[in-house]
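**Student:** I am attaching a structure below and will ask some questions about it afterwards.
Number of protein chains: 2
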Amino acid sequence: MTAPKPFDRPPGSALAGGTAGPGALQPLVAEVLAALRRGAARRGGPLPPGGPAAVAERLRALLAPSALLPEQGDPGALEALVEALAATAADPADPACAAHLHVPPLAVAVAAELATAAVNPSLDSWDQAPGSTSVELAVVRALAGLVGFARPEAAAGVLTGGGTESNLMALLLARDAFPREQFASGRLTVHCSQAAHFSIARGAALLGLDRDAVVPVQTAPDGRMDPRVLDWALADARAAGRVPCCVVATAGTTDLGAVDPLAAVAAVARRHRVRLHVDAAYGGGALFSRRLAPLLDGLSEADTIGLDLHKLGWQPIAAGVLLVREAVMFAPLEQRAAYLNPEDDEDAGYTSLLGRSLRTTRRADAFKVAVTLRTLGRAGLGALVDRCHDLAGYAAERIAAEPRLELTAEPVLTTVLFRYLPQRGAAAGAETDRVNAALRRRLLEQGSAVVGRTELGSGPGSVRLKLTLLNPGTSTAELDRLIELVLAAGADSEPPDADEQRETNS
Amino acid sequence: MTAPKPFDRPPGSALAGGTAGPGALQPLVAEVLAALRRGAARRGGPLPPGGPAAVAERLRALLAPSALLPEQGDPGALEALVEALAATAADPADPACAAHLHVPPLAVAVAAELATAAVNPSLDSWDQAPGSTSVELAVVRALAGLVGFARPEAAAGVLTGGGTESNLMALLLARDAFPREQFASGRLTVHCSQAAHFSIARGAALLGLDRDAVVPVQTAPDGRMDPRVLDWALADARAAGRVPCCVVATAGTTDLGAVDPLAAVAAVARRHRVRLHVDAAYGGGALFSRRLAPLLDGLSEADTIGLDLHKLGWQPIAAGVLLVREAVMFAPLEQRAAYLNPEDDEDAGYTSLLGRSLRTTRRADAFKVAVTLRTLGRAGLGALVDRCHDLAGYAAERIAAEPRLELTAEPVLTTVLFRYLPQRGAAAGAETDRVNAALRRRLLEQGSAVVGRTELGSGPGSVRLKLTLLNPGTSTAELDRLIELVLAAGADSEPPDADEQRETNS
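Protein chains in written order, with UniProt numbering: chain A, 1 to 506; chain B, 1 to 506.
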């Protein structure tokens, strides 16, 4: 027998697993925490100043191809790169970082993530994830209870990369519930509101549905789907020889946080015998709050539901979930692979979750969710949701009281839409748009705030700014200061003549 | 102004980010490391004994719905769940856990993952990931150099969830390079070897390609695609009025580790003017090794390439990569969202990676890859690859020398296929299959080893066992012991009469 030559372990190649793993991790983790602290201090605000070119320049030497993949390793890489990561981040834990559905994760969830990464289970077969398979099934069962499914024990689900993947899967399951011929004929349609997330249209295109398969249903001015209009649209589609395969309702639009009237939409879908998917990626978190949960009345009547616990659940990315009312709805995803889930192993009780997911190798994202749900309980998570909702209410009042700011709508969940009104811009929509876009970039370039931006409708005058308040630790004084920053950046972004005019006036 | 009532932070709700985050993480991380150590010790082997029912039973109380999502939180959740996770894991850091392309991750990569989770960048817009956007671009550039693209600066890529997602994206980009009508007519075809990963067929179905769109090309007995057969298949498809949109070559099949003859396949694809995607999810890691890299000659001629650094790259899941030869090939994924990448922001240099991915919210998996590449360098990673290749060679020799074991083929990368030959089973294929399947489950139930299982071809006699050797720390003595375990479990799984017969003989 030729035994291979003795192995000289290259530096930096210690493993994270087994009984020796924690010992190897200990000094590295200490390095990471120290470098994160230094990096955050170096950044000194919500994001690094200078804009994209300056950030790229600061990282250039560290990330040059010869530095990133050298022939011989560099034992200082971890420390240098972690410090740079923190120094060049837009950190949602900073109260002035409030643009997107991008949460500051809970420390307890991040610590759980460390365990997941060290143990590294893969959910595509039982023998890569004995315990983690049970954990995912349990998390899904608990969430099936939370959404109020009538028979949570009959439900099923899977962790996903986020709402985009959950929506794609829901559409896939809806498509494949129809005979292949219906799909091939290009007759299938999907009905969602105008304000539904772009991933619905993207998902339909990915799945090869017809170009006009997604039928947008007009929304009321509050951003909610009108169930009567949905009713007509479904009838119209049928009359035109189309085959509606899915209604998609949104529980929490990205901008307004609007929640479609789920019970009424469910009734319409049921009457037309069309499957109902609810995209509750944002709004699903309201279920933790006794105060806000009623917004989602009717959710339990959905056939499939998408939730994102990396939004109102404060998980590090990713913690998406797709729930289905009946496990049998996963049938189109069934997959038999001789090397993963042979039939006699399944018969012997070796459950594989391969047939629940679009993926093969799959990280146990359910673990951090399990830790978080149990650490905080529904009451703890509900308190965080309520706090962010309170902050949104406070910010809206502050904005409404500022003459140079215009509040777009009362907040529903935790977003606040508004815009800056330039001295002479109120009438000229395009100029107001330009000033709002410029003031936002000015804040980014200063490194002083990350404020969101979106469009309400289209055409001149549609640009809006957005605060997405997801940091329960933010104080009202910090919100006041953020609004002052917006006002100052707005004044600085007005065209020079307006500035001069103001000077003359003063 | 109604300020919201003062906020009583619920227990367990400290955040991981900002300058305060590392302080909040410190005690939690210490808890995690201690619990991982206790859990691994409690497990005491590669996986928990008793099989699925026993594992589920051990977790039942911890994971009951009322325990998982209680009304009030439980501050002991992290410790209890992490210990349980480790105690019920199949740990690839144990030398007897050698079934799947499921690696023991490097401690340095796991530590980097902690930083990613704490900082929580999301790659769908620059203002959620200023530095991380640069990191992903740099990792992609370095890997484009590693695969040998002629113009790495013109290439592009994206981190994915793994080979399955990379393959899906490659097929999507190939499909959408054709006019919609070609797709709608059901004429597009995809050509890959019989031994290609099942995710090719799955991806084609997801994309709505025709039922017979994936044309399997017969492989030689060594599991490699025959380029002449591919040539004929492409000509046949055209003659039948079909439109080949993609050839998929495999660099490292899951079972045999077979690498298609890439240069010859590329020449055929080029001659037929069909796009070439190479699924190098497993074999791509050979590029780090001077000894094995020549197996992948011709890879640089691919149009798109999938790599999985959570295989021969020792990353925690997920670290998939899709590379494209020319950035313009991503055009079908372009996506404009007013709230993420408005045109004037992009013009001002705020690069968003939204149009590179199927996802919206997206974790910065590139960060741990960057840390690992730089910490180990090509030489360090190459040494790990070579070591696993050496171990496979040693295991193959050991198996070939055992009368009760039959080696299926010489290892190419790091997998070894073989089977146990029961005393009287050699002729009766079905019985040999049963014994091999049973011996594998017996090892799982004992908690003594996780050995892979697959099928070579179909029908009686096709079942094979598999060692996937991905732990560079495994010693030859540990491999010897693993083989002894297989032999003992084989003997115990033979039908009783055979046992009796042997006793009589001895």
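For every residue, glycine included, the Cβ atom is placed at its ideal position computed from N, Cα and C.
1) Looking at C-beta atoms only, is the number of pairs between the stretch 177-189 of chain A and the stretch 202-213 of chain A that lie closer than 8 Å three or more?
2) Quick one: which chain D residues come within Cβ less than 7 Å of B:T19?
3) Does the beta-carbon distance from A:V479 to A:V324 come in below 8 Å?
4) Under 8 Å between C-beta atoms, does B:E165 make it to chain A?
5) Shorter than 8 Å from the beta carbon of A:A111 to some beta carbon of chain B?
6) Quick one: using the 10 Å Cβ neighbour count with 16 as the cut-off for buried, is B:R453 buried or exposed?
7) B:Q335 touches chain A at which residues, Cβ-Cβ below 8 Å?
8) Which chain A residues sit within Cβ distance under 7 Å of B:R387?
9) Going by DSSP in three states, A:S493 sits in which element: helix, strand or coil?
10) For the 8 Å Cβ check, are there 3 or more pairs between the stretch 39-50 of chain A and the stretch 481-499 of chain B?
11) Between which two residues does the beta strand (DSSP E) holding B:K466 run?
12) Can you list the residues of chain B that A:N341 reaches, using a CB-CB cut of under 9 Å?
13) Quickly, what does DSSP pair A:V278 with across the bridge? List them, please.
14) Between B:D266 and B:L276, how many whole angstroms is the CB-CB distance? I'm expecting something under 8 Å.
15) Listing by chain order, which chain B residues have their CB less than 9 Å from the CB of A:G145?
16) Residues in the stretch 426-441 of chain A with C-beta within 7 Å of chain B's C-beta atoms, listed in sequence order?
17) B:F367 touches chain A at which residues, Cβ-Cβ below 9 Å?
18) Assuming A:V139 is part of the alpha helix (DSSP H), what are its boundary residues?
19) Which residues of chain A have a Cβ atom closer than 8 Å to the Cβ of B:P448, listed in chain order?
20) If contacts are defined as beta-carbon pairs under 8 Å, then B:P52 and A:Y350 qualify, I think. What distance do you get, rounded to the angstrom?
21) Can you give me the C-alpha to C-alpha distance between A:A327 and A:R404, rounded to a whole angstrom?
22) A:W232 versus chain B: which residues are under 8 Å apart at the beta carbon?
23) Short of 6 Å in beta carbon distance, which residues of its chain neighbour A:L168, apart from the five on each side in sequence? Order them along the chain.
24) Within the same chain, show all residues whose beta-carbon is closer than 7 Å to that of B:A318, passing over the 5 residues directly before and after it, in chain order.
25) Which residues bound the alpha helix (DSSP H) around B:Y350?
26) Would you decide whether B:A150 is buried or exposed? Buried here means 16 or more other CB atoms lie within 10 Å of its CB.
27) Answer yes or no: the CB of A:F178 versus the heavy atoms of the ligand ADP, is any distance below 7 Å?
28) So with Cβ pairs under 8 Å, would you call B:R291 a contact of chain A?
29) Taking CB distances under 8 Å as the criterion, tell me whether A:L353 reaches chain B.
30) Along the chain, where does the beta strand (DSSP E) that runs through A:V416 open and close?
31) Could you check whether the Cβ of A:Q194 sits closer than 8 Å to any Cβ belonging to chain B?
32) Going along the chain, which residues of the stretch 313-338 of chain A sit with their C-beta nearer than 7 Å to a C-beta in chain B?
33) Quick one: measure Cβ to Cβ for B:C97 and B:T189, integer angstroms, because I've assumed they're closer than 8 Å.
34) Measuring straight from C-alpha to C-alpha, what distance separates A:S66 and A:R60?
35) Beta carbon of B:G257, beta carbon of B:P411: below 8 Å?
36) What are the boundary residues of the beta strand (DSSP E) that A:R453 is part of?
**Tutor:** Judging by the given coordinates:
1) yes
2) The structure shown contains no chain D; the protein chains it does contain are A and B.
3) Here the sequence assigns Leu to residue 479 of chain A, which means Val is not the residue at that position. Contact: no.
4) So yes, B:E165 belongs to the interface.
5) yes
6) buried
7) F198, R202
8) F7
9) helix
10) no
11) 463-468
12) Those within 9 Å of A:N341 in chain B number zero; the least Cβ separation is about 10 Å.
13) A:A249, A:I305
14) Residue identity differs from the one stated: residue 266 of chain B is Ala in this sequence, not Asp. Confirmed, Cβ separation roughly 6 Å.
15) Simply P65, L69.
16) If the cut-off is 7 Å between Cβ atoms, the stretch 426-441 of chain A has A437, R441 near chain B.
17) L81, V82, L85
18) 130-146
19) Checking the displayed sequence, the identity of residue 448 of chain B turns out to be Ser instead of Pro. Neighbours of B:S448 on chain A: none; closest Cβ ~13 Å, over 8 Å.
20) The beta-carbon separation of B:P52 and A:Y350, rounded to 6 Å, stays under the 8 Å limit for a contact.
21) So the two alpha carbons sit approximately 53 Å from each other.
22) In chain order: nothing, as chain B lies at least about 27 Å away.
23) G203
24) G161, G162, H310, D365
25) First-last for B:Y350: undefined, no H or E at that position.
26) exposed
27) Ligands are entirely absent from the displayed structure, and the ligand ADP is therefore not among its contents.
28) no
29) It does not; no Cβ of chain B falls within 8 Å.
30) 415-420
31) Answer no: the Cβ-Cβ gap between A:Q194 and chain B never drops below 8 Å.
32) P316, I317, A318, Q335, A337, A338
33) Contact flag wrong, Cβ pair sits at about 40 Å.
34) 11 Å
35) yes
36) 450-455
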